[in-house]
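K.L.:
There are 2 protein chains.
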Amino acid sequence: MTHQQPFFELIHTSKKSGARIGRIHTAHGIIETPNFVPVATNAALKSIDSLHANSLGIDLMFCNTYHLLLHPGPDVIASCGGLHAFMNRSRPIITDSGGFQVFSLMYGGVSEELKSKGKKQQANSILKISEEGVVFRSYRDGSPMLLTAESSVQAQKKFGSDIIIPLDELPPYHTSEQTLKRMLDRTNRWELRSLNEHLASPGYQHMYGVLHGGVDRGLRKVSAQFINSHAFDGIAIGGSIGKSKDEMIELLTDIVPMLDATRPRHLLGIGDLASIERAIPLGIDTFDSSHPTKCARHGLLFTMNGFVKIEQTKYKNHNFAPDPLCTCYTCRNHSCAYLHHLFKAHEPVAHILASIHNIHMMMQLFANYRKAIAEDRI
Amino acid sequence: MTHQQPFFELIHTSKKSGARIGRIHTAHGIIETPNFVPVATNAALKSIDSLHANSLGIDLMFCNTYHLLLHPGPDVIASCGGLHAFMNRSRPIITDSGGFQVFSLMYGGVSEELKSKGKKQQANSILKISEEGVVFRSYRDGSPMLLTAESSVQAQKKFGSDIIIPLDELPPYHTSEQTLKRMLDRTNRWELRSLNEHLASPGYQHMYGVLHGGVDRGLRKVSAQFINSHAFDGIAIGGSIGKSKDEMIELLTDIVPMLDATRPRHLLGIGDLASIERAIPLGIDTFDSSHPTKCARHGLLFTMNGFVKIEQTKYKNHNFAPDPLCTCYTCRNHSCAYLHHLFKAHEPVAHILASIHNIHMMMQLFANYRKAIAEDRI
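Going down the list, the sequences are from chains B and W. So the first sequence is residues 1 to 378, counted in our numbering. So the second sequence is residues 379 to 756, counted in our numbering.
1. Can you tell me whether H584/W is helix, strand or coil according to DSSP?
2. Specify, as a first and last residue, the run of the alpha helix (DSSP H) that M439/W falls within.
3. Assuming T65/B and S152/B make a contact with CB atoms under 8 Å, what is their CB distance in whole Å?
4. Just tell me which of H696/W, F478/W and F537/W has its CA closest to the CA of V512/W.
5. L83/B and I77/B - do their beta-carbons sit closer together than 8 Å?
6. Would you mind telling me which residues of chain W sit closer than 7 Å to C331/B, beta carbon to beta carbon, in chain order?
7. So, are the CB atoms of S125/B and L105/B less than 8 Å apart?
8. Pull out every residue of the region 421-435 of chain W whose Cβ sits closer than 8 Å to any Cβ of chain B, in chain order.
9. Alpha carbons only, please: which of F320/B, L180/B, S161/B and T253/B is nearest the one belonging to H198/B?
10. In three-state DSSP terms, what is L597/W?
11. Can you find a C-beta in chain W that's less than 8 Å from the C-beta of K344/B?
12. Closer than 9 Å, Cβ to Cβ, to anything on chain B: give me those residues from the region 533-564 of chain W, in chain order.
13. Taking Cβ positions only, does P702/W come closer than 8 Å to chain B?
14. Evaluate N683/W with the Cβ neighbour count: other Cβ atoms within 10 Å of its Cβ, from every protein chain shown; 16 or more gives buried, anything less gives exposed.
15. Taking 8 Å as the CB-CB cut-off, is H462/W touching chain B?
16. Tell me which residues of the region 717-746 of chain W have at least one Cβ-Cβ distance to chain B shorter than 7 Å, keeping chain order.
17. Taking just the CA atoms, how far does G476/W sit from K506/W?
18. Can you tell me the Cα-Cα spacing of G435/W and S50/B, whole angstroms?
19. CA-CA distance, Y204/B and L273/B?
20. The beta strand (DSSP E) with D666/W in it runs from where to where?
21. Does the separation of the CB atoms of G587/W and F610/W fall below 8 Å?
22. Closest Cβ-Cβ distance between C80/B and chain W: below 8 Å?
23. Can you pull the chain B residues whose beta carbon is under 9 Å from the beta carbon of V417/W, in chain order?
24. If I follow the unbroken alpha helix (DSSP H) through T179/B, where does it start and stop?
25. Which same chain residues, not among the five before or five after A397/W, have their C-beta less than 6 Å away from its C-beta?
26. To which residues does DSSP link H718/W through a beta bridge?
27. Since A614/W is in the beta strand (DSSP E), which residue starts that stretch and which ends it?
28. Listing by chain order, which chain W residues have their CB less than 7 Å from the CB of H334/B?
29. Could you have a look at F385/W and say whether DSSP puts it in helix, strand or coil?
30. Using beta carbons (cut-off 8 Å, strictly below), is S34/B in contact with chain W?
31. Using Cβ-Cβ distances below 7 Å, what residues of the region 291-323 of chain B are close to chain W?
32. Which residues share a DSSP beta bridge with F307/B?
33. Can you check whether the CB of S653/W is closer than 8 Å to the CB of K623/W?
34. Using a Cβ-Cβ cut-off of 8 Å, state whether P450/W counts as contacting chain B.
35. Could you pull out every unbroken alpha helix (DSSP H) segment of at least 4 residues lying fully inside the region 116-172 of chain B, listed in chain order?
36. Considering only C-alpha positions, which residue in the set A431/W, I426/W, P642/W and F665/W is nearest to F414/W?
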């Protein structure tokens with residue numbers, strides 16, 4: 001009766017690599033790992049309504065606290081019964097702290113994203129960073145907003161996310177070792193305050209610690225020891241992880257062994273197929289990214305045999321599915337010729353069907369990875 | 379064994395008005411009348427994929443030959459098995475001749491529509507109108523294209539539309555009686571050529587005649603006699619029908635009695651709720667319009683008690699469906715607060731959910747009209 005299911009159940013580690021399969025147990029269901037975590041920034045996948053989203057077999061979905069803080073705000077979401085009810089999703093949700101987007105503003109990282117929404121780009125700026133937290137200007141109405149370790153956790157509590165992420169300080173790409181060290185110290189203090197805030201109101205939610213330290217192995221070690229020694233339920237790898245895929249893989253090779261193996265490991269914001277293929281053997285369990293839906297909107301369809309660039313003329317009269325073996329709604333019901341036509345005619349349904357396909361393909365890809373790991377083929 | 383179901387089965391005419399209920403029998407199923415005919419210009423409803431479209435109970439869908447001629451072209455659609463297979467719709471489809479859009483180019487009528495797609499507006503022009511047909515410049519690549527009575531019908535045959543419409547000449551808004559008369563004569567010659575082309579290759583398809591004559595009752599009478607005396611399966615009311623709703627209703631009041639009552643009557647391009655309410659008692663059977671999906675994209679949701687302007691601040695925290703009695707996917711699963719948020723965040727799912735709701739509401743509205751007519755309440 002008192003037996004409690006552990007949060008993370010490690011099922012098998014490959015005999016050939018660090019790749020592993022497991023199950024993350026949450027109040028809203030199980031997340032099989034390794035798994036892909038589609039990004040629903042504003043509490044909606046881009047161009048995929050909840051009927052399709054709920055039938056795609058998405059174990060975990062990622063929403064962005066920064067965007068939801070600005071609109072509609074945690075109180076509206078709480079009064080609608082939390083994020084699950086708000087967006088009509090019954091399965092697990094993870095949210096970040098909001099810190100990444102706030103700090104990206106300073107470095108211009110999300111300016112492109114904001115632009116692509118067709119909004120007038122306003123002067124986004126951080127007004128003040130202090131031990132308390134960060135004051136930034138809302139891109140929506142210019143009003144100043146304070147984000148602290150406590151307010152970020154409180155927002156995520158109101159969202160009712162299954163997995164929440166503590167506030168961290170994102171260092172710029174180029175920085176001195178000393179600055180990096182100072183920022184890591186503050187990040188650790190913020191993460192600890194976040195953890196305390198989280199543990200102060202017990203419930204079904206779990207918190208991941210965010211690993212920092214940039215490409216400095218020594219600092220990554222310090223960060224790992226900090227997280228390993230505190231009651232974080234999982235570990236999210238954040239901060240700068242190098243300028244190329246090769247650098248990233250080298251870094252992950254060095255740092256994954258520093259991490260407590262009994263906790264799930266999430267790699268923040270990485271979702272391209274090549275990176276995933278190389279990171280899974282290192283023991284990464286989950287990946288979030290808007291890459292598949294973004295590619296879909298640009299007419300790039302994933303298949304098990306490479307990409308279909310659907311706007312190419314060769315698809316104009318191609319009366320077969322983008323991937324004839326794929327079982328997604330799009331491939332079961334529509335041809336390349338139809339998708340090609342919709343893209344050329346700028347029909348919104350083009351984005352819908354392509355996005356459904358790419359997310360389904362990611363789900364299938366990870367199911368294949370899990371099977372391959374179970375059979376020690378990876 | 380030789381008994382053949384008539385194309386149009388008139389079931390009941392109200393004791394209170396000219397309103398009537400009936401059934402149009404096609405190879406792809408029955409169309410209950412009166413009914414609303416959503417417009418899927420490019421072989422797709424705007425922002426509604428085929429899974430949702432097929433579950434909305436749409437008896438008849440309208441596609442535009444002009445757009446489909448330019449892209450992907452009738453041959454591509456034919457090689458994909460026709461429009462039904464191409465767009466994954468098993469139920470009836472009606473297409474127009476392409477003439478309306480071609481002539482609208484001359485008068486600037488679709489320029490706004492083209493602009494709203496975010497395309498660079500090119501010089502659209504009619505190069506030549508002759509007895510043979512009309513030569514126009516493609517807005518896609520500037521190439522000259524010839525549209526004749528025969529080529530329009532052949533295109534619609536290749537589409538496999540259940541109901542096809544003959545080529546007509548659209549008069550400008552302001553024109554002399556003599557010009558109107560001359561154009562009507564040519565329209566009748568084109569419609570007759572269209573009918574002959576249609577009858578030359580028998581199949582499951584049916585053809586409507588298009589009623590012309592502008593607001594001139596005498597010419598409308600000539601047009602009605604022409605259509606009544608030829609083997610058109612139904613009658614589509616086209617041409618200028620006045621500059622106001624009142625003028626339109628007066629005109630319809632005068633001209634509907636001229637039409638053979640055993641054939642279904644379609645009112646081309648009219649779909650606002652106020653016009654529908656006044657046209658049904660006159661005996662109009664079907665209406666096509668992009669109005670509901672266009673309104674949806676502007677955040678205007680139809681309800682049985684008026685409109686919900688979902689972007690209004692009062693909906694920010696409104697945790698109820700747009701219409702609590704509505705059984706559409708959107709109302710069963712999402713709140714005004716969520717829809718308000720999606721519109722404010724410019725999420726594509728906003729358009730999806732609002733469009734599903736508005737089309738569902740139109741289907742429900744017409745089901746109510748049919749019931750009311752059956753009970754002689756209209």
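For every residue, glycine included, the Cβ atom is placed at its ideal position computed from N, Cα and C.
P.N.:
Judging by the given coordinates:
1. Reading the second sequence from its first residue, position 206 is the one you call residue 584/W. If DSSP states are grouped into helix, strand and coil, H584/W belongs with the strands.
2. As a first step, residue 439/W must be located in the second sequence, where it is residue number 61. Counting along the chain, no alpha helix (DSSP H) covers M439/W; the unbroken beta strand (DSSP E) around it starts and ends at M439 to C441.
3. Reading the first sequence from its first residue, position 65 is the one you call residue 65/B. Reading the first sequence from its first residue, position 152 is the one you call residue 152/B. Between T65/B and S152/B a beta carbon distance of about 6 Å is seen, short of the 8 Å cut, so the two are scored as contacting.
4. On the second sequence, residue 512/W is found 134 positions in, with the first residue counted as 1. Selected option, being the one with the closest Cα: F478/W.
5. Here the question's residue 77/B lines up with position 77 in the first sequence. Here the question's residue 83/B lines up with position 83 in the first sequence. Taking 8 Å as the Cβ cut-off, I77/B and L83/B qualify as a contacting pair.
6. For this step, residue 331/B is matched to residue 331 along the first sequence. Under the 7 Å cutoff, chain W gives no residues; its nearest Cβ is about 12 Å from C331/B.
7. The sequence position of residue 125/B within the first sequence is 125, counting from 1. The sequence position of residue 105/B within the first sequence is 105, counting from 1. For S125/B and L105/B, yes; Cβs fall inside 8 Å.
8. A421, A422, L423, K424, S425, I426, D427, S428, L429 and H430
9. Here the question's residue 198/B lines up with position 198 in the first sequence. Looking at F320/B, L180/B, S161/B and T253/B, the one whose alpha-carbon comes closest to that of H198/B is S161/B.
10. As a first step, residue 597/W must be located in the second sequence, where it is residue number 219. Helix, per DSSP.
11. Numbered from 1 along the first sequence, position 344 holds the residue referred to as residue 344/B. Cβ-Cβ to chain W under 8 Å: yes for K344/B.
12. none
13. Along the second sequence, read from residue 1 onward, the residue named residue 702/W stands at position 324. It does not; no Cβ of chain B falls within 8 Å.
14. Position 305 of the second sequence, counted from the first residue, corresponds to residue 683/W. So N683/W counts as exposed.
15. By 1-based counting over the second sequence, the position of residue 462/W is 84. Not one chain B Cβ lies under 8 Å of H462/W.
16. H719, L720, K722, A723, H724, E725, P726, V727, H729, I730 and L731
17. Within the second sequence, the letter at position 128 stands for residue 506/W. Within the second sequence, the letter at position 98 stands for residue 476/W. Approximately 16 Å between the Cα atoms of the pair.
18. Numbered from 1 along the second sequence, position 57 holds the residue referred to as residue 435/W. Numbered from 1 along the first sequence, position 50 holds the residue referred to as residue 50/B. Cα to Cα, the separation comes out at about 20 Å.
19. Within the first sequence, the letter at position 204 stands for residue 204/B. Within the first sequence, the letter at position 273 stands for residue 273/B. Rounded to the nearest angstrom, the two C-alpha atoms are 32 Å apart.
20. Along the second sequence, read from residue 1 onward, the residue named residue 666/W stands at position 288. Per DSSP, D666/W belongs to the beta strand (DSSP E) from T664 to S667.
21. The residue you call residue 587/W lines up with position 209 of the second sequence. The residue you call residue 610/W lines up with position 232 of the second sequence. Going by C-beta atoms, G587/W is nearer than 8 Å to F610/W.
22. Here the question's residue 80/B lines up with position 80 in the first sequence. With 8 Å as the cut-off, C80/B counts as an interface residue toward chain W.
23. Counting from one through the second sequence, the residue named residue 417/W turns up at place 39. What V417/W touches in chain B: nothing, since even the nearest Cβ is about 13 Å away.
24. The sequence position of residue 179/B within the first sequence is 179, counting from 1. Looking at the DSSP string, the run of the alpha helix (DSSP H) that includes T179/B is E177 to A200.
25. Position 19 of the second sequence, counted from the start, is the residue given in the question as residue 397/W. Counting only Cβ-Cβ distances below 6 Å, and skipping sequence neighbours, we find I658, P659, I751 and I756.
26. Reading the second sequence from its first residue, position 340 is the one you call residue 718/W. H718/W pairs with nothing; no bridge assigned.
27. Residue mapping note: residue 614/W aligns to position 236 of the second sequence, counting from 1. From DSSP, the beta strand (DSSP E) with A614/W extends over G612 to I615.
28. In the first sequence, residue 334/B corresponds to position 334, counting from 1. Those are N466, listed as they occur along chain W.
29. Taking the second sequence and counting its residues from 1, the one referred to as residue 385/W is at position 7. F385/W falls in the coil class under three-state DSSP.
30. Residue numbering aside, residue 34/B sits at position 34 when the first sequence is read from its first letter. The sequence given here has Pro at residue 34/B, not Ser. Not an interface residue.
31. K316, N317 and N319
32. As a working note, residue 307/B is residue 307 in the first sequence. Paired residue(s): F302/B.
33. To locate residue 623/W, count along the second sequence from 1; it is residue 245. To locate residue 653/W, count along the second sequence from 1; it is residue 275. Yes, these two residues count as a Cβ contact at 8 Å.
34. Along the second sequence, one-based indexing puts residue 450/W at 72. Contact of P450/W with chain B is assigned, a C-beta pair being separated by under 8 Å.
35. Along the length of the region 116-172 of chain B, whole alpha helix (DSSP H) runs at least 4 residues long occupy 149-159, reported in chain order.
36. In the second sequence, the residue the question calls residue 414/W occupies position 36. Comparing Cα positions, the closest option is F665/W.
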